[in-house]
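In the working numbering, the protein residues as written are 1 to 87.
Comments concern the structure below.
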C-alpha cells in the first residue's frame with residue numbers, strides 16, 4: 001500500500017508547477033499534490049499526464065520524476081504498522 005501511495009503522490013507532484021530540484025516544505029508539497037489530484041480529476045489522470053510527458057519530453061521527464069520521488073519519499077516517511085493483539 002505504501003509503495004502505491006508513494007507512486008501516486010509522486011505522479012501528482014510531477015504534474016504540478018513546482019520547480020524541479022527545489023526543496024519545498026511539506027505544506028507546499030501536500031497542497032500542490034491535493035490541488036493536482038483535484039483539478040486533474042484523480043490520481044489516474046495525474047499518471048496519464050505524467051506518462052504523456054515521458055512520451056513527449058523524456059529528457060525532461062526523467063529528472064523531474066526522480067525529483068518528485070525523492071521529494072515524496074523525504075516528506076512522507078513510511079508509517080510503521082501497529083498490530084493489535086486480539087485476545
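For glycine and all other residues, C-beta sits at the position ideal for the given N, C-alpha and C.
Sequence-distant residues of its chain with Cβ nearer than 8 Å to residue i (five each side left out)
i: residue 43; result: 8, 11, 12, 37
Assigned secondary structure, residue i (DSSP; H/G/I helix, E/B strand, else coil)
i: residue 63; result: helix
i: residue 77; result: coil
i: residue 55; result: helix
i: residue 18; result: coil
i: residue 25; result: coil
Spatial neighbours of residue i in its chain, beta-carbon cut-off 6 Å, leaving aside the 5 residues before and after
i: residue 61; result: 53, 54
i: residue 49; result: 15
Own chain, CB closer than 7 Å to residue i, minus 5 neighbours either side, in chain order
i: residue 21; result: 67
i: residue 71; result: 13, 29
Buried/exposed call for residue i, threshold 16 Cβ in 10 Å
i: residue 34; result: exposed
i: residue 79; result: exposed
Supposed contact pair residue j and residue i - C-beta distance, whole angstroms, cut 8 Å
i: residue 73; j: residue 15; result: At roughly 18 Å, the Cβ-Cβ gap does not stay under 8 Å, so residue 73 and residue 15 are not in contact.
i: residue 18; j: residue 32; result: 6 Å
i: residue 69; j: residue 26; result: 16 Å between Cβ atoms; not a contact.
CB contact check: residue i to chain B, cutoff 7 Å
i: residue 10; result: No chain B appears in the structure shown, which is made up of a single protein chain.
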